[in-house]
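Single-structure report; data block below.
Numbering (the numbering used here), first residue to last: 1 to 136.
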């Protein structure tokens, strides 16, 4: 009797957790955050874009679209990351877009230490968020 052994290789495909938004006004830097991201993802993907953005415009406004619930450690390291961004540039406004109820409280906590105006929008209000970022 011959035994056959089947071996399946299971790989976990990692898609882009952070996507830079296109077609925004020059003064706005925006990102969509998909599912779970790490501090390392933020440093590798967002910080270089911030550095490039401030070369063009030292006073940027930020737009973050949060697609899904993230893990609970998100708010802890994201607060630290935002503080680092504040140290290298200044901004007037930050808009967060999310329909995730579990993200509203952590995102609201960022308001305590962020410079400038801060507002949370629903996903259906994306155009309003962009318009708000453009108003003086």
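By construction, the Cβ of each residue, glycine as well, lies at the ideal position given by its N, Cα and C atoms. None of these values were measured; they are calculated from a predicted model.
Buried or exposed (CB count within 10 angstroms, at least 16 for buried), residue i
i          : result
residue 30 : buried
residue 95 : buried
residue 4  : In this prediction, residue 4 has a pLDDT of 40, which is less than 50 and means its spatial position is unreliable; nothing more can be read from the coordinates.
residue 93 : buried
residue 2  : Summary for residue 2: the model assigns pLDDT 46, below 50, so the residue's position carries little reliability, and this model does not support an answer.
Where residue i falls: helix, strand or coil (DSSP)
i           : result
residue 125 : helix
residue 130 : helix
residue 53  : helix
residue 37  : coil
residue 138 : Summary: the structure shown does not reach residue 138, with the chain confined to residues 1 through 136, and so no result is reported for it.
residue 25  : coil
Sequence-distant residues of the same chain with beta carbon closer than 6 Å to residue i, five excluded per side
i           : result
residue 65  : 32, 97
residue 103 : 66
Proximity of residue i and residue j at Cβ, strictly below 9 Å
i           : j           : result
residue 130 : residue 28  : yes
residue 121 : residue 111 : no
residue 26  : residue 57  : yes
residue 115 : residue 91  : yes
residue 60  : residue 53  : yes
residue 17  : residue 34  : yes
Strand pairing of residue i, partner residues [DSSP]
i           : result
residue 19  : 32
residue 119 : 95
residue 154 : Given that the chain is displayed from residue 1 to residue 136, the structure contains no residue 154 and the question cannot be resolved.
Nonlocal neighbours in the same chain, by C-beta distance under 7 Å from residue i, ignoring five residues either side
i           : result
residue 128 : 121
residue 99  : 122, 123
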